[in-house]
Amino acid sequence: MFALHCPGLPGSSPALAVTVAVAFAAACENPRPPVSCSALASQTVFAGETATLEACFEDPNGDVLVIAAATSDPGIVVADAAGNTVTVAGVSPGTASVTVTATDPGGLHADERFQVEVPNRAPFSVGMMRSLELAVGDSARVDASDYFDDPDGQGLGYAAAASDSGVLAVSLEGSVLTVRARAKGMVSITVTATDPGGLEATQSFAVTVPNRAPETVGSIAARTVEVGKTVAQDLAAYFRDPDGDPLAYAAVSADAKVAAVSVDGDSVAITAPAKGETTVSVTAADAEGLTATQVFTVIVPNRTPIPVGTIPPDTVTIGDRTTVDLSAFFDDPDGDPLVYAVTASDTTVVGVAVSGGAVLSITAIAAGEATVTSTATDTEGLAANQAFAVTVAARPPVEELTYDLVRTLPHDHGAYTQGLLVHDGIFFESTGRYGRSEVRQVEIATGEVLRSRALADNHFGEGLARVGERLIQLTWKAGLAFVRDAATLDSLDTFEYQGEGWGLCHDGESLYMSNGSDTLQRRDPDTFDLLGRIEVTRTDSAVHNLNELECVGDHIYANIYRSSEIVRIDKVTGVVTGVLDAQPLARASGRPANPAAVLNGIAYDRLTGTFYVTGKLWPVMFEIEVAEK
Numbered sequence: 001m002f003a004l005h006c007p008g009l010p011g012s013s014p015a016l017a018v019t020v021a022v023a024f025a026a027a028c029e030n031p032r033p034p035v036s037c038s039a040l041a042s043q044t045v046f047a048g049e050t051a052t053l054e055a056c057f058e059d060p061n062g063d064v065l066v067i068a069a070a071t072s073d074p075g076i077v078v079a080d081a082a083g084n085t086v087t088v089a090g091v092s093p094g095t096a097s098v099t100v101t102a103t104d105p106g107g108l109h110a111d112e113r114f115q116v117e118v119p120n121r122a123p124f125s126v127g128m129m130r131s132l133e134l135a136v137g138d139s140a141r142v143d144a145s146d147y148f149d150d151p152d153g154q155g156l157g158y159a160a161a162a163s164d165s166g167v168l169a170v171s172l173e174g175s176v177l178t179v180r181a182r183a184k185g186m187v188s189i190t191v192t193a194t195d196p197g198g199l200e201a202t203q204s205f206a207v208t209v210p211n212r213a214p215e216t217v218g219s220i221a222a223r224t225v226e227v228g229k230t231v232a233q234d235l236a237a238y239f240r241d242p243d244g245d246p247l248a249y250a251a252v253s254a255d256a257k258v259a260a261v262s263v264d265g266d267s268v269a270i271t272a273p274a275k276g277e278t279t280v281s282v283t284a285a286d287a288e289g290l291t292a293t294q295v296f297t298v299i300v301p302n303r304t305p306i307p308v309g310t311i312p313p314d315t316v317t318i319g320d321r322t323t324v325d326l327s328a329f330f331d332d333p334d335g336d337p338l339v340y341a342v343t344a345s346d347t348t349v350v351g352v353a354v355s356g357g358a359v360l361s362i363t364a365i366a367a368g369e370a371t372v373t374s375t376a377t378d379t380e381g382l383a384a385n386q387a388f389a390v391t392v393a394a395r396p397p398v399e400e401l402t403y404d405l406v407r408t409l410p411h412d413h414g415a416y417t418q419g420l421l422v423h424d425g426i427f428f429e430s431t432g433r434y435g436r437s438e439v440r441q442v443e444i445a446t447g448e449v450l451r452s453r454a455l456a457d458n459h460f461g462e463g464l465a466r467v468g469e470r471l472i473q474l475t476w477k478a479g480l481a482f483v484r485d486a487a488t489l490d491s492l493d494t495f496e497y498q499g500e501g502w503g504l505c506h507d508g509e510s511l512y513m514s515n516g517s518d519t520l521q522r523r524d525p526d527t528f529d530l531l532g533r534i535e536v537t538r539t540d541s542a543v544h545n546l547n548e549l550e551c552v553g554d555h556i557y558a559n560i561y562r563s564s565e566i567v568r569i570d571k572v573t574g575v576v577t578g579v580l581d582a583q584p585l586a587r588a589s590g591r592p593a594n595p596a597a598v599l600n601g602i603a604y605d606r607l608t609g610t611f612y613v614t615g616k617l618w619p620v621m622f623e624i625e626v627a628e629k
């Protein structure tokens, strides 16, 4: 081995120059550049990866060569040489040329070029984009760069689209995706990542905008509704749907007896059947059944009773009594029951009281005037008043009744007359005494007994009245009234009553019964039930011993036991309005000298307008016409 030294050339060895000076003189005087001994093949390498290849160069002068590599675009490929080994590394997609240069010590060189392609690869997804749930009006941000990458390390561009832009709005700023919910629904968002070479990757994720429940707006104020009235309550102003859904309404009353409700569209009608307080629950529901509820109070107030018309002033005679049905002059707008009370401005003039719940009784005490105030109070203490004037007039004198004798007729002197009536030309007579009591049909003109029925020996016959085709006969102390067939006198039924029975008459509507006191009893002709009592007075004094009775129009004629007087009684007030002195008839009767043979027997003939009068054990009967003197 030896070295060639050429003067003037770097690296020459002076010592060797002497040794081989002649042999290599020509070489030093004519240096030649290196030459490639083989072409370099084109290379394909991905970004981030490397490839190696061996360069082949020769130097004609046998010089040691220095190999170097350079790239046309370091942004695409970088190259390096170590000895004969050339390494290329992909930087980013593209194509670049790599030049490999072999240089000898004298600076002479040779080049070899080859192409390097860095292929573009598509972006890829990183993980999965998560689904979102947003309320209408809410928004969310998603950085798409967290979910995509590029194998070549290139920057990516992003695009996004919603499957329904009416439900969701989408916007992009760089890689940050903003989604904003517009309406309820479900939307698919597709995100596309694109590299500079146009290759792309996509991901989709779901965004759900759920249905939201309706909401209340403020509070429905309490409503006041009067009994029998209906009011409407708007509902639309008190509910809203955050999703804009239409709402359907329903309402329920906690007490339909106080407030009944019905819904029409977005209004609820409230009707008040009765006073009180309750609550109404209103529910607003969207199309998917989500609801909101409001509860409000309904008050049906108690209202004051009201007067109805005006109670007219009244004039009452001293000793008389009149009545007023107060229920006809007051009403309660809520239908409440009313309690009545009365006062008089002067209790020395009139006495007032309420009976039967609503019947005002006014008793005239002394001549003068008084104001009577009636008060109707409902169950909660609200009241209404009516006042009216009552004038008490002095009682006119009792009329003195007179009579004209029409005729004198025969009568069974053994008949202990207790009841007498005439009908269609026939007398009906009830006689008394134990063991001898009867009911009879008697011929008027002759006094002949046409038909009779005896009572049991332990029954003492008393007053007699005709009701239609029936006779009702009292007993003295047995508490029994016998109902008989008027044609046959046969017994049909029996009534029971308390106390003694004396006289009896029928005015076409009611029976009137005496018991020897100063009080007449009014009874039901079908059941014999007691309907009321009438106190009989004469110039403000009680009239006792009322006995046999006869009903004539608005009056009742009565015998006074052991008296020769017959009194005419107002059947409403009980006031004696007339007196007939029958003493002359008693003297003319030829009655026996028996204390029991007293005046007792009055029969009014509606066909003739005359009265028949007799007594116990009298042998005659008198027909008379009665008139006022």
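Note that my numbering gives residue 65 to position 65 of the sequence shown, counting from 1, and the numbers run on in steps of one. C-beta: ideal position from N, C-alpha, C; glycine also.
Spatial distance of residue i from residue j (CA atoms)
i: R407; j: S374; result: 55 Å
i: P397; j: T539; result: 8 Å
i: A254; j: D334; result: 20 Å
i: E509; j: V342; result: 31 Å
i: V439; j: N600; result: 16 Å
i: V22; j: D63; result: Residue confidence is low: V22 scores 37 on pLDDT, short of 50, so the model does not pin down where it sits. Its coordinate-derived value is still stated next. Approximately 19 Å between the Cα atoms of the pair.
i: P33; j: V191; result: 59 Å
i: A25; j: N61; result: Residue confidence is low: A25 scores 42 on pLDDT, short of 50, so the model does not pin down where it sits. No coordinate-derived value is stated.
i: A110; j: S97; result: 16 Å
i: D490; j: G609; result: 29 Å
i: G265; j: V209; result: 28 Å
i: G83; j: C37; result: 15 Å
i: R587; j: R562; result: 14 Å
i: L464; j: D424; result: 16 Å
i: Y557; j: V350; result: 28 Å
Member of the options whose CA lies at the smallest distance from the CA of residue i
i: H555; options: I569, P31, L599 and A465; result: I569
i: L474; options: F296, G461, V392 and G425; result: G461
i: P196; options: F296, P93, G381 and S267; result: P93
i: P595; options: S219, A582 and G615; result: G615
i: A144; options: V579, G153, F428 and G157; result: G157
i: R453; options: S437, T446, G468 and T577; result: S437
i: I665; options: V316, A122, R533 and Q386; result: No answer is possible for residue 665: it lies beyond the span of the chain, which begins at 1 and ends at 629.
i: E628; options: D255, E399 and G155; result: E399
i: L401; options: Y604, T103, I566 and E173; result: I566
i: F611; options: E625, P619, L599 and W618; result: E625
i: A55; options: D63, G62, A41 and P214; result: A41
i: R223; options: V298, R395 and T310; result: V298
i: I426; options: T348, R466 and T202; result: R466
i: A183; options: G244, M513 and V126; result: G244
i: T44; options: T278, V88 and A81; result: V88
i: L405; options: Y340, D314, L132 and S589; result: S589
Counterpart residues of residue i in DSSP-defined beta bridges
i: H555; result: V552 and D570
i: E400; result: V579
i: H544; result: According to DSSP, which records beta bridges pairwise, H544 is partnered with nothing at all.
i: S452; result: R440
i: T216; result: F239
Close beta carbons around residue i, own chain, < 6 Å, minus the five adjacent residues each side
i: E443; result: L450
i: A285; result: A248 and T291
i: E194; result: Strictly speaking, residue 194 in this sequence is Thr, with Glu absent from that position. Cβ neighbours of T194 beyond the five flanking positions: G157 and E200.
i: M621; result: L409, H411, Y612 and T614
i: V261; result: A251, S253, V268, I270 and V280
i: Q154; result: D195 and P196
i: T519; result: R533 and E535
i: T103; result: V66 and H109
Residues near residue i in its chain [Cβ-Cβ closer than 8 Å; skip 5 each side]
i: R470; result: V483, R484, D485, A486 and L492
Cβ-Cβ separation, residue j to residue i (assumed contact under 8 Å), whole Å
i: V187; j: A162; result: 5 Å
i: N458; j: W502; result: No, N458 and W502 are not in contact; Cβ-Cβ is about 18 Å, not under 8 Å.
i: E369; j: R303; result: Not confirmed; about 34 Å, so no contact.
i: T95; j: E112; result: With 8 Å as the limit, T95 and E112 do not qualify as a contact, their Cβ atoms being about 17 Å apart.
Cβ of residue i within 8 Å of any chain D Cβ
i: E500; result: Any reference to chain D falls outside this structure, which holds one protein chain only.
Beta-carbon proximity list for residue i, same chain, < 7 Å, skipping 5 on both sides
i: Y238; result: T216, V217, G218, I220 and Q294
i: R130; result: F205
i: E173; result: none
i: P242; result: V136, R212 and E215
i: N559; result: N547, E548, I566, L599, N600 and I602
i: L530; result: Q521 and R523
i: V231; result: R223, V225 and I270
i: S345; result: A370 and T371
Cβ-heavy atom distance, residue i to the ligand FMN, below 7 Å
i: P619; result: This structure lacks the ligand FMN, and indeed carries no ligand of any kind.
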